[in-house]
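Here is the structure we will look at, set down as structure tokens.
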Amino acid sequence: MKKTIIKHRILWFTIILLSGFGSLYLSQMTWSRYQSSPTVVSMDRDMFAWNTTFPCVTVCPNNYIDSRKLEIFLRNAKEENKTRLENFIISLANASYKNFESIPIYPDISPDKYIQLLVNLSVPFKPSLTIGVSNVALSIVPTITEMGLCYAVNSRMAVYNSPEYRDANRWDIINDDTKSLFIHPLDGEVFAQVMNISTSYDVRLSFLIV
Numbered sequence: 009m010k011k012t013i014i015k016h017r018i019l020w021f022t023i024i025l026l027s028g029f030g031s032l033y034l035s036q037m038t039w040s041r042y043q044s045s046p047t048v049v050s051m052d053r054d055m056f057a058w059n060t061t062f063p064c065v066t067v068c069p070n071n072y073i074d075s076r077k078l079e080i081f082l083r084n085a086k087e088e089n090k091t092r093l094e095n096f097i098i099s100l101a102n103a104s105y106k107n108f109e110s111i112p113i114y115p116d117i118s119p120d121k122y123i124q125l126l127v128n129l130s131v132p133f134k135p136s137l138t139i140g141v142s143n144v145a146l147s148i149v150p151t152i153t154e155m156g157l158c159y160a161v162n163s164r165m166a167v168y169n170s171p172e173y174r175d176a177n178r179w180d181i182i183n184d185d186t187k188s189l190f191i192h193p194l195d196g197e198v199f200a201q202v203m204n205i206s207t208s209y210d211v212r213l214s215f216l217i218v
């Protein structure tokens, strides 16, 4: 019985010793090969097999507030200091990640009403949208960004920051049948035209190759 135990111990010791030696030898071989002739392994895809998502176009008007709507709102407001209220609304409309700290404090309007207030006083935004692809219809979705109220085209995420989605306090996933516009190098020139905008604006683009 003792001889069997000793044999087992010798066998396991030999296996562990050989395994350790093999691991060290393999590691040394790999390291030496890397030092003498390093090889970079990469995979390429044929560019003509790429499907490129058409850039998400985000239009941010520089003038958010409709002066006529603001005038009517101030006239009907119960606030005695109309100038203070007007300055607050204009500062709120022009707020971005660069100047959030400069927004004046106005306790008479609850923060959860800010978005709806801006939407009600915003300049009407109904441009015409033309896409250089046949049988494709894209919509313009209002969305709240770090630059304020903007309008996005060909975005799957904009709807989750839309005033309507936020106002409904929704947290669910929207099952939208509308698909993103994908283009191919062989499609030639593909364009999007957003026309008939009555105010100055900034345009931001983002795209991803998949």
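For what it's worth, the working numbering labels the leading residue of the sequence shown as 9, then goes sequentially.
The beta carbon of each residue, even a glycine, is placed where N, CA and C say it ideally should be.
Distance from the CA atom of residue 200 to the CA atom of residue 73, rounded to whole angstroms, is 26 Å. In terms of Cβ geometry, residue 123 and residue 98 do not form a close pair [threshold 8 Å]. Remark: three or more beta-carbon pairs, one from each stretch, lie closer than 8 Å, so the segment 59-73 and the segment 90-106 are flagged as touching.
In the structure shown, the three-state DSSP call for residue 62 is coil. The DSSP-derived three-state label of residue 120 is helix.
In the DSSP assignment, residue 139 is bridged to 200. In the structure shown, the three-state DSSP call for residue 130 is strand. Residue 69 counts as buried, since at least 16 other C-beta atoms from the protein chains shown sit within 10 angstroms of its C-beta.
Per the DSSP secondary-structure output, residue 151 pairs in a beta bridge with 158. Only residues of its own chain outside the window of five on either side were considered, and among them none has a CB closer than 7 Å to the CB of residue 42. Between the segment 159-178 and the segment 142-151, the count of Cβ pairs shorter than 8 Å is three or higher; the stretches touch. Judged by DSSP secondary structure, residue 82 falls within the alpha helix (DSSP H) whose first and last residues are 75-84.
The C-beta of residue 108 has fewer than 16 other C-beta atoms within 10 Å across all chains shown, which makes the residue exposed.
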